[in-house]
Amino acid sequence: MRSVTERQQQVYHHFLSSNFLIPRALFKRLGFNQNLVGYGHEDTLFGLALRRNKTDIRHIDNPVTHLGLDRAEAYMPKVEESVNNLLQIVQEGYSGEDFRLWRAYQKLQKA
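Here the sequence shown is numbered in this note's numbering, starting from 190 and rising by one per residue.
Here is the structure:
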């Protein structure tokens, strides 16, 4: 977990939808992308929408408690859903450069 100071240096990059507060009108205007299915990247796209709208973000020291990690058998299908969502996002015209996984994929394609 990154500290508040670290997260505040790149406010949009470290946005997570698991713990945030936002005015209702702004959330209704931006919302989550309803085209994505399953696990992955809804919060990334929402963070990008906040960045595009130059929304002020303040990170606070308010950690979320995680009840446990998925076993590999449960997590790997989520990873596959996430990759499929990323592919859909790029196909919809978003820049893949905003996604570390996409940048890694591009590097591997050049190797």
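Glycine is no exception: its CB is placed at the ideal position from the N, C-alpha and C atoms. Being a predicted model, the structure only gives us computed values, none of them experimental.
Taken through DSSP and simplified to helix, strand or coil, G220 comes out as coil.
According to the DSSP assignment, Y264 belongs to the alpha helix (DSSP H) that extends over A261 to Q280. DSSP, reduced to helix, strand and coil, places A214 within a helical segment of the structure shown. For the pair of segments examined, the stretch 262-276 was found to touch the stretch 222-231: the number of CB pairs separated by less than 8 Å reaches three. For K299, the uninterrupted alpha helix (DSSP H) run begins and ends at R289 to K299, by DSSP.
Per the Cβ contact rule, the stretch 236-252 is not in contact with the stretch 290-300 (fewer than 3 Cβ pairs under 8 Å). Boundaries cannot be given for F204, as no alpha helix (DSSP H) includes it and DSSP labels it neither H nor E. Counting C-beta pairs with one atom in each stretch, the stretch 247-259 and the stretch 193-201 have three or more that are closer than 8 Å, which means they touch.
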